[in-house]
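Residue numbers (our numbering): 23 to 116.
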């Protein structure tokens with residue numbers, strides 16, 4: 023079975039949820055990484071790895087971020103899914 027991709031594929035990588043946090047949410051809310059980590063109840067390393075795109079967004083983190091910023095877990099998970107699909111494409115796209 024062949025996997026077919028739409029001819030209108032993305033040519034620009036999707037925005038990583040960590041970049042969204044770092045560039046949009048933290049400045050808008052006047053937060054820094056350590057304050058965000060403390061507020062979310064997670065380690066500073068966890069937050070820094072996410073902000074610097076060294077790790078993906080987990081379901082638990084999506085739930086925490088949604089509660090803090092008043093949006094939905096799906097908002098965060100959809101952003102992560104787009105990155106995951108982008109990164110997986112070279113393996114399957116021949």
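The beta carbon of each residue, even a glycine, is placed where N, CA and C say it ideally should be.
All of these numbers come straight from a predicted model, not from anything done at the bench.
First through last residue of the alpha helix (DSSP H) which encompasses residue 62 = Note, residue 62: alpha helix (DSSP H), 55-62.
For residue 62 versus residue 87, is the C-beta distance shorter than 9 Å?
-> In this structure, residue 62 places its C-beta atom within 9 Å of the C-beta atom of residue 87.
In terms of alpha-carbon separation, which member of 100, 103 and 90 lies closest to residue 57?
-> It is 90 whose Cα lies nearest to the Cα of residue 57.
In three-state terms, what does DSSP make of residue 103?
-> Of the three classes helix, strand and coil, the one that applies to residue 103 here is helix, per DSSP.
Within 9 Å, strictly: CB atoms of residue 73 and residue 41 = Against a cut-off of 9 Å, the Cβ pair of residue 41 and residue 73 comes out as a contact.
According to the Cβ coordinates, are residue 105 and residue 82 closer than 9 Å?
-> In this structure, residue 105 keeps its C-beta atom at 9 Å or more from the C-beta atom of residue 82.
Compare the C-alpha of residue 36 against each of 101, 47 and 112 and name the closest.
-> Closest option to residue 36, Cα to Cα, is 101.
Straight-line gap, residue 33 to residue 111 (C-alpha atoms, nearest Å) | Each residue's Cα considered, the two are about 12 Å apart.
If you count every other CB in all the chains shown that lies within 10 Å of the CB of residue 69, and 16 or more means buried, which is it?
-> By the 10 Å Cβ count, residue 69 comes out buried.
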